[in-house]
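Under UniProt numbering, the first residue of the sequence shown carries the number 1, and numbering increases by one thereafter.
For each residue, glycine too, the CB sits at the ideal point set by N, CA and C.
This report concerns only the one structure given below.
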Amino acid sequence: MGTLINIDNGGTLTDICVWDGAGFTFTKTLTTPHDLSECLFTGIEKASAALYGNADITRLLHATEHIRYSTTQGTNALVERRGPMIGVLTSIAGLDDQMRTSPAEEKLFEGLVANRLVTLDADDDAFEFDAVQSINRLTTLGAARIVVAGPTPEDERRLRHILLRKFPRHLLGSVPVIYSWELAGDRSHPRRVWSCVVNSFLHPTMERFLYGAERRLKEYRVANPLLVYRNDGASSRVAKSVALKTYSSGPRGGLEGTAALAGRYGLDHALMMDIGGTTTDVGVVESGAVAVAERGAIEGVAMSYPLSNVSSAGVGGSSVIRVLDGAIVVGPQSVGAAPGPACFGFGGKQATITDVNLLLGILDPDTYLDGTFTLDADRSRAAITDAIATPLGISLEEALIQMEQAYFRALADAFADQVRADTTLLAFGGAGPMSAAGAARLAGVKRVLIPRTAAVFSAFGISFSDIGKTYEVIVAEPSTEAARQTHDALLTRAERDMFQEGYSLAECDTSWQLLVENLDDATVSRLPYQPGDEVDFPGCAVSLQLSTTAALPHPDLAGDTVIETTAAPSIGQRSVRSATNTVDTVPVHALDQLEPGHAGSGPAIVEGSFFTARVLPGWTFQVTSAGDLLLIDNA
């Protein structure tokens, strides 16, 4: 089998995890917001050096079967409202009000659409003239992309026919148009149109970067296409991907990795805590299954597609810590990778938890990110003194303790409502292992599992992805014959799409389901479907769903075994300031030098590849048979 490269591009750091059929090789590099392809290829080059002993990007790329790529750039663009103005042209009466029924919808509407929604009267004799004038009005108001929404697919086809004649695509003045029923076969007009609005907003950002990355790959004569990892857990070619499905794809990778380790360790309730530079993402794997909402939400607004049940809090390793109304507040603002925390020395002057952990003694300034650059403690002192100690009238040392406790509390608040008695917290991301024990204790979690690949765990989770497509189409008149016709049309579409992915449909696994929605209470039932099955559900709306999967090789994770424990050897000591404001001398252990069964107790520090795990007093740690780190709270 060929090598598989999995990449998770975050706002601060970009993670690369390479699976060569025998094991993982991984690395990290700073994200380069000015040119995202730069950090992509820098990361691949660093991975080649780790794999071969010297940098040889051409050799690695030519040995690679697939590159699967996840990015937060679309998510970040939406958060920052960095994208095109969207216009909506509709013949649905009252759509404006239907899309603004909650504060979350109102906020997103004002940010993306504002006054750029025009309603047409489908029965007006001047319908064609009004449609043309409406497009002109929307573009005059600044709309760079337009969503067309009709009450039925037939209404949209009527508008499409008019607009293609009046605004042919070959003209420079043409505006990209998306038709709502083509993107989502959802009877809910607000959900369907919201999906199109968000997709249209994300599309340019994703398109520019991903096609740019593909062009650079062609310079190396890479034969296989770049695959985009999606928020449904599958991957597809750039040209066959929907921008909306890149939203929150990184956390889905973390959830898939969590599910893999939950299977390895027999965990019935695994709670992931993925701390990146800007956010902490929280999700649940229960009984081995990733929790998914049938109709997911983005920024609290319902969409037409399923989405993982991931909640995000503005707490990360680069989150700004400041004083507000006399109290220490963490986030949601972040300094990202540029300028980054003050200790990075890139010009940042705001205090972050990374600066705190450096001055507490938890981080070694010379070994951060495996020694790729040195942290500057003097800059951290200046930032924390100016931002926290002086405004509160306390010492620098007391400021560090209070900042750390505020950070622990902010993290615990992000997941405490999902904790059960049997919960195991999986802590990963570059900043996860450092703060996991402190946050877990406040939230009432007694077991914390830190994967050996914690620093690149979302990229690790992408390793379990296959190439896949999911289609959902309304059966217009629910009947056995209409369902059969819908089945045949979907089959033709899937054959075409999978061929373009490089597979025949005969090579793929397929799954057919009827989605039966009760029109009284909107509950949805899923039923298996075969052509010819009777479709007769009075008072219900029926859709047909097809899922196709072309399997890629996956890592084989051995199950956990019980092993005898022995004292973990240390590689040195470090002076660390504790919560009682005393300086303790604590042992430092190198995870790569520990064997399964090595164990110890806190206070201690365990250094992994690109992460530092802190074991607090009252906690014990043990290296599992698979080499992961398990922390137990005995307090």
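For a test of the three-state rule: what should DSSP assign to residue 103, helix, strand or coil?
Locating residue 103 in the sequence shown gives position 103, where the first residue counts as 1. Reduced to three states, the DSSP call for residue 103 is helix.
For a test of the three-state rule: what should DSSP assign to residue 115, helix, strand or coil?
Counted from its first residue, the sequence shown places residue 115 at position 115. The answer is coil: DSSP assigns residue 115 none of H, G, I, E or B.
Tell whether a beta-carbon distance below 8 Å holds between residue 447 and residue 411.
As a position in the sequence shown, residue 447 is number 447, starting the count at 1. As a position in the sequence shown, residue 411 is number 411, starting the count at 1. Result no, Cβ atoms of residue 447 and residue 411 do not sit closer than 8 Å.
What is the C-beta distance between residue 15 and residue 459, in whole angstroms, given that I count them as a contact (C-beta under 8 Å)?
Taking the sequence shown and counting its residues from 1, one reaches residue 15 at position 15. Taking the sequence shown and counting its residues from 1, one reaches residue 459 at position 459. The Cβ separation is near 4 Å, so the contact holds.
Tell me which same chain residues have a C-beta within less than 7 Å of the C-beta of residue 445, skipping the five on either side of it?
Your numbering for residue 445 matches position 445 in the sequence shown. Correct list, in chain order: 419, 423, 425.
How about residue 226 and residue 213: do their beta carbons lie closer than 8 Å?
As a first step, residue 226 must be located in the sequence shown, where it is residue number 226. As a first step, residue 213 must be located in the sequence shown, where it is residue number 213. It is a contact, given that the beta carbons lie within the stated cut-off.
Could you have a look at residue 34 and say whether DSSP puts it in helix, strand or coil?
In the sequence shown, the residue the question calls residue 34 occupies position 34. Here residue 34 sits in coil by DSSP.
Could you pull the start and end residues of the beta strand (DSSP E) that residue 332 belongs to?
If you number the sequence shown from 1, residue 332 lands on position 332. 327-334 is the extent of the beta strand (DSSP E) around residue 332.
So residue 274 and residue 43 are in contact, right, with Cβ under 8 Å, and what is the actual spacing, rounded?
For the purposes of this step, residue 274 is taken as the residue at position 274 of the sequence shown. For the purposes of this step, residue 43 is taken as the residue at position 43 of the sequence shown. At roughly 18 Å, the Cβ-Cβ gap does not stay under 8 Å, so residue 274 and residue 43 are not in contact.
Could you check if residue 349 is buried or exposed, using at least 16 other CB atoms within 10 Å of its CB as the buried criterion?
As a position in the sequence shown, residue 349 is number 349, starting the count at 1. So residue 349 counts as exposed.
Distance, Cα to Cα, residue 117 vs residue 579?
On the sequence shown, position 117 is the one that residue 117 refers to. On the sequence shown, position 579 is the one that residue 579 refers to. Residue 117 and residue 579: Cα-Cα distance of roughly 55 Å.
Is the distance from the Cβ of residue 496 to the Cβ of residue 471 below 8 Å?
The count along the sequence shown starts at 1 and reaches residue 496 at position 496. The count along the sequence shown starts at 1 and reaches residue 471 at position 471. Their beta carbons are not under 8 Å apart, which means residue 496 does not touch residue 471 by this criterion.
Since residue 233 and residue 256 are thought to touch, with beta carbons under 8 Å apart, how far apart are those beta carbons, to the nearest angstrom?
For this step, residue 233 is matched to residue 233 along the sequence shown. For this step, residue 256 is matched to residue 256 along the sequence shown. Sure, about 6 Å apart at Cβ, within 8 Å.
Give the straight-line distance between the Cα atoms of residue 366 and residue 469, rounded to the nearest whole angstrom.
Walking along the sequence shown from the start, residue 366 turns up at place 366. Walking along the sequence shown from the start, residue 469 turns up at place 469. Straight-line Cα distance between these residues: approximately 46 Å.
With residue 457 and residue 428 assumed to form a contact (beta carbons below 8 Å), what rounded beta-carbon distance in angstroms separates them?
Along the sequence shown, one-based indexing puts residue 457 at 457. Along the sequence shown, one-based indexing puts residue 428 at 428. Contact holds; Cβ gap of about 4 Å.
Give a yes or no on whether the C-beta atoms belonging to residue 544 and residue 514 are separated by under 8 Å.
Position 544 of the sequence shown, counted from the first residue, corresponds to residue 544. Position 514 of the sequence shown, counted from the first residue, corresponds to residue 514. Yes; because the gap between Cβ atoms is below 8 Å, this pair is in contact.
On the three-pair Cβ rule with 8 Å, is the segment 184-197 touching the segment 82-101?
The answer is yes - the segment 82-101 touches the segment 184-197, with three or more Cβ pairs under 8 Å.
Quick check: the Cα distance between residue 312 and residue 414, rounded to an integer number of angstroms?
Start at 1 with the first residue of the sequence shown, and residue 312 comes out as number 312. Start at 1 with the first residue of the sequence shown, and residue 414 comes out as number 414. Their Cα atoms are separated by approximately 8 Å.
Can you give me the C-alpha to C-alpha distance between residue 135 and residue 99, rounded to a whole angstrom?
As a working mapping, residue 135 is identified with position 135 in the sequence shown. As a working mapping, residue 99 is identified with position 99 in the sequence shown. If I take the Cα positions, the gap works out to 20 Å.
Looking at C-beta atoms only, is the number of pairs between the segment 268-282 and the segment 315-323 that lie closer than 8 Å three or more?
Yes, the segment 268-282 touches the segment 315-323.
Just the Cα atoms here: how many angstroms apart are residue 12 and residue 537?
The residue given as residue 12 occupies position 12 in the sequence shown. The residue given as residue 537 occupies position 537 in the sequence shown. So the two alpha carbons sit approximately 51 Å from each other.
On a Cα-Cα basis, can you pick out the residue from 512, 476, 531 that is closest to residue 549?
Taking the first residue of the sequence shown as position 1, residue 549 is located at position 549. Selected option, being the one with the closest Cα: 512.
Is it the case that the Cβ atoms of residue 375 and residue 368 are separated by a distance below 8 Å?
Position 375 of the sequence shown, counting from 1, holds the residue named residue 375. Position 368 of the sequence shown, counting from 1, holds the residue named residue 368. A contact, by the Cβ cut-off of 8 Å.
Buried or exposed for residue 129, please, with buried defined as at least 16 other CB atoms from any protein chain shown within 10 angstroms of its CB.
For the purposes of this step, residue 129 is taken as residue 129 along the sequence shown, with counting starting at 1. Exposed: under 16 other Cβ atoms inside 10 Å.
For residue 467, count the other beta carbons within 10 Å of its own beta carbon; 16 or more makes it buried, fewer makes it exposed. Which is it?
Locating residue 467 in the sequence shown gives position 467, counting from the first residue. That one is buried.
What is the C-beta distance between residue 112 and residue 197, in whole angstroms, given that I count them as a contact (C-beta under 8 Å)?
Translated into positions along the sequence shown, residue 112 becomes position 112. Translated into positions along the sequence shown, residue 197 becomes position 197. Contact holds; Cβ gap of about 6 Å.
Out of 590, 611, 619, state which residue places its alpha-carbon closest to the alpha-carbon of residue 603.
As a position in the sequence shown, residue 603 is number 603, starting the count at 1. Here the closest residue by C-alpha is 619.
For residue 185, which option in 295, 564, 82, 343 has the closest C-alpha, if you only look at C-alpha atoms?
Along the sequence shown, read from residue 1 onward, the residue named residue 185 stands at position 185. Cα-wise, what sits closest to residue 185 is 295.
Spell out the partners DSSP gives residue 466 in its beta bridges.
What you label residue 466 is simply residue 466 of the sequence shown in a count that begins at 1. Answer by DSSP bridge pairing: none, since residue 466 is not bridged.
Pull up the distance between the alpha-carbon of residue 535 and that of residue 267, whole angstroms please.
Here residue 535 refers to the residue found at position 535 of the sequence shown. Here residue 267 refers to the residue found at position 267 of the sequence shown. Spanning the two alpha carbons is a distance of roughly 39 Å.
So, under 8 Å CB-CB, residue 307 and residue 297 are touching, yes? Tell me the CB distance rounded to an integer number of Å.
To locate residue 307, count along the sequence shown from 1; it is residue 307. To locate residue 297, count along the sequence shown from 1; it is residue 297. Their Cβ separation, rounded to whole angstroms, is 7 Å, which keeps residue 307 and residue 297 in contact under 8 Å.
Of the residues 303, 455, 210, 259, which one's Cα is nearest the Cα of residue 238?
Translated into the one-based positions of the sequence shown, residue 238 becomes position 238. Per the Cα distances, 210.
If residue 68 and residue 462 are in contact, beta carbons under 8 Å, what's the gap, nearest whole angstrom?
On the sequence shown, residue 68 is found 68 positions in, with the first residue counted as 1. On the sequence shown, residue 462 is found 462 positions in, with the first residue counted as 1. Rounded, the Cβ-Cβ distance is 5 Å, consistent with contact.
Is it buried or exposed, residue 628, if we count other Cβ atoms within 10 angstroms and call 16 or more buried?
By one-based count along the sequence shown, residue 628 stands at place 628. Result: buried.
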